[in-house]
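Here's the structure we're looking at; comments come further down.
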Amino acid sequence: MNMGELVRIVEEGDVVYNNPIVLEGLPDVGLVGTIAASYAVEKMGYKEIGYIESDLFPPVMVIHKGKLKSPFRIYGDENVVVVLSEVAIPPNAIYPLTEALADWFKSINAKLVISITGLPAKDRMDIEKPEVFAVGNNEDAMKTLKAKQVDLLEEGFIAGTYAIMQRECSKKDLSAIALLAQCYPVYPDPGAAASAIESLEKFLELGIDVAELNERAEEIKLKARDLMRQTVLSAPEMQKEVEQDIPFMYQ
Amino acid sequence: MEIERGITKAMWGYDGNLEPLYDVEDKGSEILVTFDLPRVKKEDVKINTTEDTIEVIAKMSNTICWERWGGIQKRITFQAFKKQIRFPVHIDPEKATASFKNGILRINLPKMRRAVLIGID
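The listed protein sequences derive, respectively, from chains B and P.
Remember, this note's numbering sits 1491 above the position in the first sequence when you count from 1.
Remember, this note's numbering sits 21 above the position in the second sequence when you count from 1.
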């Protein structure tokens, strides 16, 4: 059975894609990707261009300005596509979701898939400016990261949606990278999201200014509390704790 | 009761208080508790401890007002964060320390323990 069929990407509108860059900002530690991706959508004025549906998702819809929407939505234009969710991803949906997304990214000829996420830092409280590290899934991705002078994660486990997204993109011969900003593991972290966006700018060059994100950090933290709580509850099943472990074949 | 709790459990109440996000970590000789307290100033945080509980009440610098939202569909405001946590072990409230930085409250609570030396036969 093709697991990807368990998840359906539903396109709305008639966007003609021009080798877009994809931003994946699904909920994970510190909600770094979700905060960064939704800020990019807001600042760039991206329109909703689709949504994701699956029987594996919780039976939840969201209402905004009286309009019923899927909490798993896709925004963008011909050059940039952003994947977001307002509810935590159920761990049993990760494999079919990433497979379906990678299939769709391939079908729209995406040139690069960028997952934005966090790197849990126990001493985050003492870090003024979170650093950003990266992972790339193939030689092209690694060359791009080196050219943009992003620090690479050299050893360690990665776990969660973004980890499997890297693998699924590899299988479809798509270049993918993950940008990981040092973050609070269990608190929404707009500061880490700001660092991630600054790093993202090296790839997108959209001119997104993070000043407003920093100014609105407290308001964002308040709105993100419930999604953070949901995400933390699903973290053990995602094996997030393995990211703190030393790989047996560490070199 | 269990069903009701499953449906209506929320991180907010009608009493004007929000439950903060928090984390509890057992560090062996002490318990480390952190709270995420956006819109709160250090001087507006009150911490009360007993031998097995901690209660944090933190007044926000400005009231949050949410309208047209959720099952209530009316204006609701929040002025403070409030949370009580009960620990499975006794702590020593006299030796507790706290710090507050960038909206994060960190409290170190040493465990109450009697050191007993065990001799080897």
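The beta-carbon is built from N, C-alpha and C at its ideal position, and this holds for glycine as well.
- Tell me whether the beta-carbon of isoleucine 1744 of chain B lies closer than 7 angstroms to the beta-carbon of alanine 1591 of chain B. Since the displayed chain B opens at 1492 and closes at 1742, residue 1744 of chain B lies outside it and no answer follows.
- Given 8 angstroms as the limit, is there contact between the region 1667-1677 of chain B and the region 1616-1632 of chain B, that is, 3 or more CB pairs closer than that? yes
- Message: For threonine 1635 of chain B, count the other beta carbons within 10 Å of its own beta carbon; 16 or more makes it buried, fewer makes it exposed. Which is it?
- Response: Buried, since its Cβ has 16 or more Cβ neighbours within 10 Å.
- Query: Just the Cα atoms here: how many angstroms apart are proline 1611 of chain B and methionine 1729 of chain B?
  - Reply: 14 angstroms
- Query: Taking the continuous alpha helix (DSSP H) assigned at phenylalanine 1694 of chain B, which residues delimit it?
  - Reply: 1681-1695
- Message: Comparing C-alpha positions only, which one of B:Ile1565, B:Tyr1542 and B:Pro1518 sits nearest to lysine 1731 of chain B?
- Response: B:Pro1518
- Message: Cβ closer than 8 angstroms: which chain B residues qualify as neighbours of proline 38 of chain P?
- Response: For the sequence presented, residue 38 of chain P should be read as asparagine rather than proline. Neighbours of asparagine 38 of chain P on chain B: none; closest Cβ ~13 angstroms, over 8 angstroms.
- Query: Residue range of the alpha helix (DSSP H) that proline 1587 of chain B falls in?
  - Reply: Note, proline 1587 of chain B: alpha helix (DSSP H), 1585-1598.
- Message: With distance defined between alpha-carbon atoms, name the residue in B:Met1616, B:Val1520, B:Ser1661 and B:Asp1546 nearest to phenylalanine 1596 of chain B.
- Response: For the residues B:Met1616, B:Val1520, B:Ser1661 and B:Asp1546, the minimum Cα distance to phenylalanine 1596 of chain B belongs to B:Ser1661.
- What separation, rounded to the nearest whole angstrom, lies between the Cα atoms of leucine 1718 of chain B and glutamate 72 of chain P? 33 angstroms
- Query: For leucine 1575 of chain B, which three-state DSSP category applies?
  - Reply: Three-state DSSP puts leucine 1575 of chain B in a strand.
- Message: Please report the straight-line C-alpha distance between leucine 42 of chain P and valine 1677 of chain B, rounded to a whole angstrom.
- Response: 8 angstroms
- Message: At the level of alpha carbons, what is the spacing between isoleucine 106 of chain P and methionine 1616 of chain B?
- Response: Computed Cα separation, rounded: 22 angstroms.
- Query: Under the three-state reduction of DSSP, which class applies to threonine 1635 of chain B: helix, strand or coil?
  - Reply: helix
- Alpha-carbon spacing of lysine 1556 of chain B relative to asparagine 1570 of chain B, whole angstroms: 27 angstroms
- Residue environment, lysine 104 of chain P, which counts as buried when at least 16 other CB atoms sit within 10 Å: buried
- With 16 as the cutoff for other CB atoms within 10 Å, does arginine 134 of chain P come out buried or exposed? exposed
- Amino acids of chain B, ordered along the chain, whose beta-carbon sits closer than 7 angstroms to that of asparagine 123 of chain P: Result: Met1616.
- Between valine 1498 of chain B and aspartate 1505 of chain B, what straight-line distance do the alpha-carbon atoms span, to the nearest angstrom? 21 angstroms
- Query: Taking any Cβ of chain P, which residues in the region 1699-1720 of chain B have a Cβ under 7 angstroms from it, in chain order?
  - Reply: Glu1709, Lys1712, Leu1713, Arg1716, Asp1717, Met1719 and Arg1720
- Evaluate leucine 138 of chain P with the Cβ neighbour count: other Cβ atoms within 10 Å of its Cβ, from every protein chain shown; 16 or more gives buried, anything less gives exposed. exposed
- At a CB-CB cut-off below 8 angstroms, which residues of chain P make contact with valine 1578 of chain B? Here the premise fails: no neighbours, minimum Cβ distance about 14 angstroms.
- Item | Separation of glycine 1647 of chain B from methionine 1656 of chain B, as counted between CA atoms | Straight-line Cα distance between these residues: approximately 17 angstroms.
- Item | Paired residues, beta bridge with cysteine 1674 of chain B - DSSP | B:Pro1611
- Message: Let's see if you can read the secondary structure: which residues bound the beta strand (DSSP E) around glutamine 105 of chain P?
- Response: 97-107
- Query: DSSP state of aspartate 36 of chain P, grouped into three classes?
  - Reply: In the structure shown, aspartate 36 of chain P sits in coil (DSSP, three-state: anything other than H, G, I, E or B).
- Query: Could you check where the alpha helix (DSSP H) with threonine 1722 of chain B kicks off and where it finishes?
  - Reply: 1716-1725
- What residue from B:Ser1606, B:Tyr1566, B:Lys1534 and B:Gly1682 has the CA that sits closest to glutamate 1503 of chain B's CA? B:Tyr1566
- Query: Which residues in the same chain have their Cβ closer than 6 angstroms to the Cβ of lysine 1693 of chain B, if we skip the five residues on either side of it in sequence?
  - Reply: Lys1639
- If I'm right that valine 1641 of chain B touches valine 1572 of chain B with Cβ under 8 angstroms, what's the distance once you round it to whole angstroms? The pair is not a contact, with the Cβ atoms about 21 angstroms apart (cut-off 8 angstroms).
- Message: So, with DSSP's three-state summary, where would you put valine 1733 of chain B?
- Response: helix
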